[in-house]
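Data first, discussion second: the structure below is written as structure tokens.
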Amino acid sequence: VSVEIKTDGHRWTQDYKLGVPTAPLAQHEATDEHGTTVTFWADPDIFETTEYSFETLSRRFQEMAFLNKGLRINLADERESAKATAGADEAGEDEKHEVKSVSYHYEGGIVDFVKYLNSRKGDVVHPTVIDLEAEDKDRSLSLELAMQWNSGYSEGVYSFANIIHTHEGGTHEEGFRAA
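Here the sequence shown is numbered in my numbering, starting from 1 and rising by one per residue.
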């Protein structure tokens, strides 16, 4: 794993092997930029499976971008197998070396998520997404809620805790349904 962080006016890097830093955190040139880049190759000594699906990672990173309003997440597949198939439509030698990539950024956060989900389900009943944000710093609690009715016949409730999708619900979802 290689990590590059642009923060506090500088670019910083550190590499890891088997989860342990291979050298101290290195400070590099000054920069006004900010952001984090993580490059990884799955180690077969640690992971049972070292083949990852670009589509699976892409869906998860898109979900994370929706859940973290304003965050930009870029995913680039630099594996040789991905490069070889990126231009497989006989487009030309230069295009065969393009990296498969996507970028996600949602200023509206979960409001954009609801709009995205409903864009695939049919007509919306009301054009406005109902949303609420609340925070209780004394109890270290925060809540974001967004909902919109559509013309579909089945409900779609997606709940998350600490940006993890709680597929089976939980007390937070039970409380929402009881309210």
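All C-beta atoms in this analysis are idealised placements derived from N, C-alpha and C, irrespective of residue type, glycine included. Predicted model only: the values in this text are computed from it and were never measured.
State the Cα-Cα distance for the pair residue 54 and residue 21, rounded to the nearest angstrom. Cα to Cα, the separation comes out at about 27 angstroms.
Would the stretch 65-72 and the stretch 23-30 be scored as touching if the rule is three or more Cβ pairs under 8 angstroms? With the cut-off at 8 angstroms, the stretch 65-72 and the stretch 23-30 do not touch.
The beta strand (DSSP E) enclosing residue 73, as first and last residue numbers: 72-77
Sort 170, 137, 64 and 156 by Cα distance to residue 107 and report the nearest one. 64
CA-CA distance, residue 16 and residue 10? Cα to Cα, the separation comes out at about 20 angstroms.
Taking its Cβ as the centre, do 16 or more other Cβ atoms sit within 10 Å of residue 132, making it buried, or is it exposed? exposed
Rounded to a whole number of angstroms, what is the C-alpha to C-alpha distance between residue 129 and residue 57? 27 angstroms
Comparing alpha-carbon positions, which option in 146, 134 and 67 lies nearest residue 161? 67
On the criterion of 16 or more Cβ atoms from any shown chain inside 10 Å, does residue 109 qualify as buried, or is it exposed? buried
By alpha-carbon positions, which one of 105, 142, 151 and 135 ends up nearest to residue 127? It is 151 whose Cα lies nearest to the Cα of residue 127.
Would you give the residue range spanned by the beta strand (DSSP E) that residue 14 belongs to? For residue 14, the enclosing beta strand (DSSP E) covers residues 10-17.
Just mark residue 111 as buried or exposed, buried being the case when its beta carbon has 16 or more other beta carbons within 10 Å. That one is buried.
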